[in-house]
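Only one structure is covered here, and it is reproduced in the block below.
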Amino acid sequence: MTDTFFGHVIDGEEVPSVDGATFDVWNPWTQEVFAQAAEGGPEDAARAVASSRKAFDEGPWPRLGRVERAAAVHRLADLMEARSDELATLDTTNMGKPFAQAKHDVGRSVQNFRFFADHQRDHTGETYPMDSGHHTYSEYGPVGVVAAISPWNFPLMMASWKVAPAIAWGNTCVVKPSEDTPASVTVLGRLAVEAGFPPGVINVLNGHGTPAGSSLTADDRVDRVTFTGSSATGKVVMASAAGHLAPVSLELGGKGANVVFEDADLDNAVRWTVEAIFRNSGQVCLAGSRLFVASAIYDEFMERFVAAAEALTVGDPFDPATKFASLASKRHFDKVTSYVDGVGADGGTVVTGGAADDGTWLVRPTIITDLPRTAPAYCEEIFGPVCVVNRFDSEDEAVGLANDTRYGLNAMLFTENLSRAHRVASRLRAGTVWVNCFFIRDLRTPFGGVGDSGVGREGGNFSKEFFTEPKAVVMQINR
Ligand code: NAD
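For what it's worth, the working numbering labels the leading residue of the sequence shown as 1, then goes sequentially.
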């Protein structure tokens, strides 16, 4: 197989679909098809699950000692590290993100594997002495076959975030990348074979949500479903998994609030505000797409924010100077521009940005003011480089505005007042709150969202809970 074809990786081999179907794989910057991928159907999904089932029920992987399994996961991470240029090149080619950002994402993907390898290797259980002449302890065993379904915005990183804890804890896994970005995850599957993983431990199924993804979630041989994607799809995935009582972990959409108080360090706040909404061309679940600025500093902040947005170097994602590139697909470009196009009719003002209007799928860094709180661009996830700005006059008003959303993935706040930082962080309804920063993550902490942003948390012990079956053992000791 070459990099003009991305097959399924099933049972240690890269294979086409049973019926030979394929789909186009696009480069959004050049607007060219650069490869084909296997279009998975129900039969391919069933084959992938059967292979992972066998690898779990009969294979060595779940029965390896914790040290040996950790070493194997590190071997895979070593190969990813050695091939990081190739992986980043594929993500940039396939998704359009600037190459430096793709390299950063690959580095974080490698760290995901290393972290969960070590976390599993060094984990502890609980023991409790009992007054009845017994003692009891817990054991954390693997759960079985995991279906992992990932989106296109961080093609490798989002998949690694699921595959790494799943396999580190002794499970086997079928991962289905987005149909928009099959490239790097297919290479991950190839690298697992190269690393000597037993067949079926990491299977890659390519294809569309329906039927490839939906066949996985509906399969009663699947024990856990971990999904990252839109809130609408998350509901479908949860209903499907409920059919066979498979627990789900859902990392869904967001409409992040970014609150800048009058006592913020403005240099720092502007820097992170730009990063929060324009990194990855705004195609980030955590994007700070709703910005609230204290009236006392509104004019000064906006002048600096707009200038910084307009100063971002836009262009070819492989040019090292580029900080901002096109959207990931024509479909997504159409979606983002339709939101921006509706702003005027809703009474809003596009201060800067909008579609590049040059035939590319580029939407320039876009800043919008004066939008009513009922406008679609104000309340729905756009998932693009579009920031809606409002002002506030008090801390209470800021918290009320920030929490006025169905989403609750994350929020940012900028202040130099220590008490206010803690007070407001505690009042914000969100799975993660960043104070004076953005996008920094410690893998031991919980990650996930409230409301329409998701179900469950992953990271550290939260992943351990999801990817293991805890067992209580009670032992009589007074005989
Ligand atoms: P999407 O929901 O369209 O697709 C996500 C994945 O689900 C894809 O692999 C797709 O093929 C698959 N899928 C689609 N329908 C399916 C079905 N019926 N059954 C099973 N699988 C199905 O989302 P997207 O457009 O790829 O990604 C963007 C969304 O992801 C945004 O809403 C974004 O906020 C969210 N996201 C969330 C996080 C997070 O951590 N919370 C991270 C990244 C992206």
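Idealized CB from N, CA, C, for every residue including glycine. Just so we're clear, the structure is a prediction, and the values are computed from it rather than from any experiment.
Distance cut-off 7 Å: residue i Cβ against heavy atoms of ligand 1
| i | result |
| --- | --- |
| residue 326 | no |
| residue 132 | no |
| residue 381 | yes |
| residue 98 | no |
| residue 347 | no |
| residue 206 | no |
| residue 149 | yes |
| residue 156 | no |
| residue 179 | yes |
| residue 214 | yes |
| residue 395 | no |
| residue 193 | no |
| residue 361 | no |
| residue 39 | no |
| residue 188 | no |
| residue 236 | yes |
| residue 153 | yes |
| residue 210 | yes |
| residue 330 | no |
| residue 226 | no |
| residue 243 | no |
| residue 453 | yes |
| residue 230 | yes |
Host alpha helix (DSSP H) of residue i (start-end)
| i | result |
| --- | --- |
| residue 103 | 99-121 |
| residue 272 | 266-278 |
| residue 289 | First-last for residue 289: undefined, no H or E at that position. |
| residue 462 | 460-467 |
| residue 86 | 84-95 |
| residue 217 | 214-218 |
Residue i to residue j span [Cα, whole Å]
| i | j | result |
| --- | --- | --- |
| residue 136 | residue 127 | 6 Å |
| residue 377 | residue 387 | 9 Å |
| residue 268 | residue 294 | 15 Å |
| residue 331 | residue 94 | 14 Å |
| residue 57 | residue 102 | 36 Å |
| residue 532 | residue 161 | This structure cannot speak to residue 532, because the chain is shown only from 1 to 479. |
| residue 140 | residue 21 | 41 Å |
| residue 177 | residue 154 | 10 Å |
| residue 79 | residue 341 | 45 Å |
| residue 230 | residue 410 | 15 Å |
| residue 315 | residue 324 | 7 Å |
| residue 339 | residue 382 | 7 Å |
| residue 187 | residue 32 | 21 Å |
| residue 19 | residue 216 | 18 Å |
| residue 97 | residue 319 | 11 Å |
| residue 212 | residue 44 | 8 Å |
| residue 24 | residue 419 | 53 Å |
| residue 1 | residue 194 | At residue 1, the pLDDT of 39 sits below 50, so the modelled position is not reliable and the matter cannot be decided from this model. |
| residue 119 | residue 352 | 46 Å |
| residue 480 | residue 349 | Residue 480 lies beyond the stretch modelled for the chain, which goes from 1 to 479, so this question has no answer here. |
| residue 226 | residue 149 | 6 Å |
| residue 312 | residue 157 | 24 Å |
| residue 16 | residue 179 | 15 Å |
| residue 117 | residue 86 | 23 Å |
| residue 167 | residue 474 | 28 Å |
| residue 309 | residue 433 | 23 Å |
| residue 266 | residue 260 | 9 Å |
| residue 256 | residue 453 | 10 Å |
| residue 444 | residue 69 | 20 Å |
| residue 321 | residue 99 | 10 Å |
| residue 34 | residue 370 | 42 Å |
| residue 36 | residue 273 | 38 Å |
| residue 210 | residue 73 | 31 Å |
Host beta strand (DSSP E) of residue i (start-end)
| i | result |
| --- | --- |
| residue 315 | No beta strand (DSSP E) contains residue 315, which DSSP labels as neither H nor E. |
| residue 138 | 134-142 |
| residue 236 | Premise fails: residue 236 lies in the alpha helix (DSSP H), 231-242, not in any beta strand (DSSP E). |
| residue 224 | 224-228 |
| residue 482 | Residue 482 is absent from the model: the chain starts at 1 and stops at 479. |
| residue 15 | 13-15 |
| residue 477 | Residue 477 -> no beta strand (DSSP E), and no H or E assigned at all. |
| residue 202 | 202-204 |
| residue 129 | 127-129 |
| residue 297 | That residue, residue 297, is in no beta strand (DSSP E); it is neither H nor E in DSSP. |
| residue 259 | 257-260 |
| residue 246 | First-last for residue 246: undefined, no H or E at that position. |
| residue 145 | 145-149 |
task = Could you pull out every unbroken beta strand (DSSP E) segment of at least 3 residues lying fully inside the region 159-200, listed in chain order?
result = 172-176
key: 4-residue-minimum alpha helix (DSSP H) runs that sit fully inside the region 340-417, ordered along the chain   = 376-379 and 395-403
key: Contiguous beta strand (DSSP E) assignments of at least 3 residues, all confined to the region 429-455   = 432-435
query = Can you list the alpha helix (DSSP H) stretches of 4 or more residues lying completely in the region 20-68, in chain order?
reply = 42-57
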